[in-house]
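2 protein chains.
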Amino acid sequence: MQGANSRDRQLRERAEAVIPGGMYGHQAVGLLPDDYPQFFEKGEGAYIWDVDGRRYLDFMCAYGPNLFGYANPQIDAAYVRQLGLGDTLTGPTALMVELAEAMVGMVSHASWAMFCKNGTDATSMALTVARAHTRRKSVIRAKGAYHGAAAWCTPRPAGVIESDRAHQLFCDYNDVASLEAAAAQAGDDLACIFAAPFKHDAFIDQAEPDLAYARKAREICDRTGALLIVDDVRAGLRLARDCSWSKIGVQPDLSTWGKCIANGHPISALMGSEVARKAAASIYVTGSFWYQAAPMAAALETLRLVRETDYLERITALGQRLRDGLAERAQAAGLAMRQTGPVTMRLFLFDDDPDLRKGFCFASALLERGVYTHPWHNMFLCAAMAEADIDLALDSAEAAFGVLSRGAASLAPVEKLAFLSAGAR
Amino acid sequence: MQGANSRDRQLRERAEAVIPGGMYGHQAVGLLPDDYPQFFEKGEGAYIWDVDGRRYLDFMCAYGPNLFGYANPQIDAAYVRQLGLGDTLTGPTALMVELAEAMVGMVSHASWAMFCKNGTDATSMALTVARAHTRRKSVIRAKGAYHGAAAWCTPRPAGVIESDRAHQLFCDYNDVASLEAAAAQAGDDLACIFAAPFKHDAFIDQAEPDLAYARKAREICDRTGALLIVDDVRAGLRLARDCSWSKIGVQPDLSTWGKCIANGHPISALMGSEVARKAAASIYVTGSFWYQAAPMAAALETLRLVRETDYLERITALGQRLRDGLAERAQAAGLAMRQTGPVTMRLFLFDDDPDLRKGFCFASALLERGVYTHPWHNMFLCAAMAEADIDLALDSAEAAFGVLSRGAASLAPVEKLAFLSAGAR
Chain U
1 MQGANSRDRQ
11 LRERAEAVIP
21 GGMYGHQAVG
31 LLPDDYPQFF
41 EKGEGAYIWD
51 VDGRRYLDFM
61 CAYGPNLFGY
71 ANPQIDAAYV
81 RQLGLGDTLT
91 GPTALMVELA
101 EAMVGMVSHA
111 SWAMFCKNGT
121 DATSMALTVA
131 RAHTRRKSVI
141 RAKGAYHGAA
151 AWCTPRPAGV
161 IESDRAHQLF
171 CDYNDVASLE
181 AAAAQAGDDL
191 ACIFAAPFKH
201 DAFIDQAEPD
211 LAYARKAREI
221 CDRTGALLIV
231 DDVRAGLRLA
241 RDCSWSKIGV
251 QPDLSTWGKC
261 IANGHPISAL
271 MGSEVARKAA
281 ASIYVTGSFW
291 YQAAPMAAAL
301 ETLRLVRETD
311 YLERITALGQ
321 RLRDGLAERA
331 QAAGLAMRQT
341 GPVTMRLFLF
351 DDDPDLRKGF
361 CFASALLERG
371 VYTHPWHNMF
381 LCAAMAEADI
391 DLALDSAEAA
401 FGVLSRGAAS
411 LAPVEKLAFL
421 SAGAR
Chain G
426 MQGANSRDRQ
436 LRERAEAVIP
446 GGMYGHQAVG
456 LLPDDYPQFF
466 EKGEGAYIWD
476 VDGRRYLDFM
486 CAYGPNLFGY
496 ANPQIDAAYV
506 RQLGLGDTLT
516 GPTALMVELA
526 EAMVGMVSHA
536 SWAMFCKNGT
546 DATSMALTVA
556 RAHTRRKSVI
566 RAKGAYHGAA
576 AWCTPRPAGV
586 IESDRAHQLF
596 CDYNDVASLE
606 AAAAQAGDDL
616 ACIFAAPFKH
626 DAFIDQAEPD
636 LAYARKAREI
646 CDRTGALLIV
656 DDVRAGLRLA
666 RDCSWSKIGV
676 QPDLSTWGKC
686 IANGHPISAL
696 MGSEVARKAA
706 ASIYVTGSFW
716 YQAAPMAAAL
726 ETLRLVRETD
736 YLERITALGQ
746 RLRDGLAERA
756 QAAGLAMRQT
766 GPVTMRLFLF
776 DDDPDLRKGF
786 CFASALLERG
796 VYTHPWHNMF
806 LCAAMAEADI
816 DLALDSAEAA
826 FGVLSRGAAS
836 LAPVEKLAFL
846 SAGAR
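The listed protein sequences derive, respectively, from chains U and G.
Each residue of the first sequence is one higher than the one before, starting from 1 at the first, in my numbering.
Each residue of the second sequence is one higher than the one before, starting from 426 at the first, in my numbering.
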């Protein structure tokens, strides 16, 4: 935490009075190192400024939404232009049709789209569509996989009751046998299988999808008539210009999108194949702001940049350069760091670090040097990053590895992450 | 429906291909008269333009969000200014604290606020907080009352399974005996009572809350330790500059807000009293865009207008003038029209009109004259309306009553609303 006179500290004290716990949700810094700021002032390109004026190269990208740079001039201009014309009206604008066409043109498995606001809206709608389509109840999803924060899927059980989680069966990601066992348990009641495009659970190593696992999920759905759902809310557009599993040749029936499809403007989507169209038309879902036009204008501009620029090749090359540079510097410092997940969405963990005290030390040393990383959640690259930014990150990492290797033996335990070593997960 | 060459018709055909059913949710016009446009182009003040360039005085106000006029210059300027600084970032800005303070300053029962995107987010969070607080499961809500479109509350059952609706008990709005019976049925398992601030169900007469009913709800909660939730998503700020039940002196433990708190910019809120703070801090809820700063800037400006202008007195006076003028003209035309609900959020229904053929005829005649009303959903007044607009509405209504009384005997049945007379509701 910042010094007593910092603006961040003052805001935290005020927040404590009017926001339960001072902050909630995925952007609460309660489980981050104490020196991480809670409140920010500004974002531009790949950089954020905290309320005490410190600038950081931001490897969290707003937890995903920032794909083409904060305050992207082209995308924000499209938003503002539409805002002046009409945004939340008594009906949708033509942009809703244009955006559905653009999304369908991009996502090869899909022939339709429905727009909403939260990623959780899209995953919850996917579940409802699957149940409407199959007239069955059971859902298979991977243990520990995040699919949103509604009662049926939120990772923390407070306030959630047993019936909220009824008819859910769990497998282990990439474990074909556990997937088959769950399908056998569902019997003739299987409505759908949820799949993260890669294993991006918090606190543990990420994993790319095994082809055998993905194919087995598709095969079970084909055999039983259940729907396969790829939850691309977090990873969408950072792995492919299509559903992320298009890269491994496995097509879902439904896919969920959000985060960066309008570069941080609020819109998410459920997309589906022809087979699920009728069920999708039968459900009643809606929201006060789901048809607002300005985020759709921003999404159209974002998708134009997706189609017309080499952003994906660039962030992949930058990610590879970061990966290689970090591996080299960690090794030179005699530190065993694991980098897992796709290079555009990496997670770093150190060996023999059950309560993440090494990870916290490394992250804090980077933060001090103006580089914002996350010690236990996958990070994100954005197209506003340049080679010079990766150089800055690598130079800072070299210094941070030095701090860590000099201090490793005497690091204090991270009390707030003691639950990790206690095996609570 | 518009002519074959209209832009609306062309968009509907394109939408049919890429959006299930062509459109979904509360802004789908499938259950409105055939001449209602589906797609809009523009909004300014109290007016909307459809994609064929026709202009309407809009009594739907985007189904609530438009309180201070479409494209309100002050509110939108606040949005755009903040957008240039920082919107969806890696953490919240100071505006989140300022907005929570402003909301808490306005809502007398509340000492904290949590922000989200959909009204449904706020009502679903209220349910989770109540269950976390009480460690009980049962919910009482009024039959037919709308509290959102998640599986636990959506009005259409497709894709919803029994466990989604478990532990829900129903009473009749304003019926004390049915409320007591539901509470008795809940026994020692009552977590909360949901209350709409007034009865604003679709298709039927609206009703102001009976004081005895509201007090009974409060009393049951006091006696059992359950939480009383006033769902002010739809009515908030159109009845009071506080929770709507403050007018009748009944304070809830939780209240839900959305729609117009940022004049159409996407933000909603759950607010609560001290008693529920700890439970609120214990639940895990979040969304990709919940902490975006630009809607918070717009909400702060909206709340400033709420505090500093006589908007509420003005829309109330305009609503009264509309009500009186309509009553007079309906009577002169020999038509029995019921106007129910608060004057700022009226619903019009005609006597002896089970499939709403009279209502459709009246609404269509108004639409043709440039006045957009709704034949079965409560309408909304906004502060951008002036006396001249009400005059326009009354002149148009006079003509529309004429059309109706001349044609009443020969109106065709409204097939798509046949379910109403079949008693499906």
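The beta-carbon is built from N, C-alpha and C at its ideal position, and this holds for glycine as well.
For the alpha helix (DSSP H) containing residue i, name the first residue and the last one.
i, result
"I220/U", "L211 to T224"
"L730/G", "A718 to E733"
"R556/G", "G544 to T559"
"Y56/U", "Y56/U -> not in any alpha helix (DSSP H); beta strand (DSSP E) instead, spanning R55 to D58."
"L95/U", "A94 to M106"
"V230/U", "Per DSSP, V230/U belongs to no alpha helix (DSSP H); it is in the beta strand (DSSP E), L227 to D231."
"L179/U", "V176 to A186"
By DSSP, does residue i sit in helix, in strand, or in coil?
i, result
"E208/U", "coil"
"L11/U", "helix"
"C668/G", "coil"
"R425/U", "At R425/U, the pLDDT of 44 sits below 50, so the modelled position is not reliable; the number obtained from the coordinates is stated separately. Correct three-state label for R425/U: coil."
"A833/G", "helix"
"Q74/U", "helix"
"F419/U", "helix"
"Y47/U", "strand"
"Q82/U", "helix"
"L615/G", "strand"
"C486/G", "helix"
"Q251/U", "coil"
"G25/U", "helix"
"G148/U", "coil"
"A429/G", "coil"
"A694/G", "strand"
"F401/U", "helix"
"L939/G", "Summary: the structure shown does not reach residue 939/G, with chain G confined to residues 426 through 850, and so no result is reported for it."
"A583/G", "coil"
"L393/U", "What sits at residue 393/U in the sequence shown is Ala, not Leu. Three-state result, A393/U: helix."
"A442/G", "helix"
I need the boundaries of the beta strand (DSSP E) containing residue i, first residue and last residue.
i, result
"T681/G", "L679 to W682"
"V564/G", "S563 to A567"
"A706/G", "Run containing A706/G: none in the beta strand (DSSP E); it sits in the alpha helix (DSSP H), R702 to S707."
"A113/U", "W112 to C116"
"C153/U", "Counting along the chain, C153/U falls outside any beta strand (DSSP E), and DSSP gives it neither H nor E."
So with CB distances below 7 Å, who are the chain G contacts of residue i?
i, result
"G21/U", "A706"
"W376/U", "Simply none; closest approach about 15 Å."
"S163/U", "S588, A591 and H592"
"N5/U", "Near N5/U there are no residues of chain G at all, since even the closest Cβ is about 16 Å away, more than 7 Å."
For a contact defined as C-beta to C-beta under 8 Å, what are the partners of residue i on chain G?
i, result
"S124/U", "A575 and A576"
"P92/U", "M448, Q452, Q463, F464 and F465"
"A113/U", "V443 and I444"
"L431/U", "Residue 431/U lies beyond the range of chain U shown here (1 to 425); nothing can be said about it."
So residue i contacts chain U; which residues on that side make the cut at Cβ distance below 9 Å?
i, result
"F773/G", "In chain order: nothing, as chain U lies at least about 17 Å away."
"I565/G", "Going along chain U, no residue has its Cβ under 9 Å from I565/G, so there is no contact; the nearest lies around 16 Å."
Check the Cβ of residue i against every Cβ in chain U and list those closer than 7 Å, keeping chain order.
i, result
"G470/G", "Correct list: empty, because the minimum Cβ distance to chain U is about 12 Å."
"D483/G", "T90"
"A487/G", "T88, L89 and T90"
"V554/G", "G159"
For residue i, which residues in chain G fall below 9 Å Cβ to Cβ?
i, result
"G86/U", "F465, E466, K467, G468, E469, I473, W474, Y495 and A496"
Beta strand (DSSP E) segments (min. 3 residues) lying fully within the segment 738-801 of chain G
Scanning the segment 738-801 of chain G from its first residue to its last, the whole beta strand (DSSP E) runs of 3-plus residues come out as 762-765 and 772-775.
Should the segment 260-268 of chain U be called in touch with the segment 51-69 of chain U, which here means at least 3 C-beta pairs below 8 Å?
Segment contact: the segment 260-268 of chain U against the segment 51-69 of chain U, three or more CB-CB distances shorter than 8 Å; contact assigned.
Counting Cβ pairs closer than 8 Å, one from the segment 628-639 of chain G and one from the segment 546-561 of chain G, do we hit at least three?
A contact is defined here as three or more CB-CB pairs under 8 Å, and the segment 628-639 of chain G fails this definition with respect to the segment 546-561 of chain G.
Counting Cβ pairs, one atom from each stretch, are 3 or more of them under 8 Å apart for the segment 393-404 of chain U and the segment 325-337 of chain U?
Counting Cβ pairs under 8 Å, three or more are found: they touch.
Using 8 Å as the Cβ pair cut-off and three pairs as the minimum, do the segment 469-477 of chain G and the segment 304-313 of chain U touch?
Between the segment 469-477 of chain G and the segment 304-313 of chain U, the count of C-beta pairs closer than 8 Å stays below three; the two stretches do not touch.
With a cut-off of 8 Å, do at least 3 Cβ pairs link the segment 565-573 of chain G to the segment 172-185 of chain U?
Flag = no, the segment 565-573 of chain G and the segment 172-185 of chain U do not touch.
Validate contact between the segment 106-125 of chain U and the segment 296-309 of chain U using beta carbons, cut 8 Å, 3 pairs:
Counting Cβ pairs under 8 Å, three or more are found: they touch.
Evaluate the contact criterion for the segment 542-552 of chain G versus the segment 604-611 of chain G: three or more CB pairs, one atom per stretch, below 8 Å.
Note that the segment 542-552 of chain G does not touch the segment 604-611 of chain G; fewer than 3 beta-carbon pairs, one per stretch, sit closer than 8 Å.
With a cut-off of 8 Å, do at least 3 Cβ pairs link the segment 385-392 of chain U to the segment 320-331 of chain U?
Touching, yes, given that three or more Cβ pairs across the two stretches are closer than 8 Å.
Pairing CB atoms from the segment 505-515 of chain G with CB atoms from the segment 717-728 of chain G, are three or more of them under 8 Å?
The segment 717-728 of chain G and the segment 505-515 of chain G touch, with three or more beta-carbon pairs separated by less than 8 Å.
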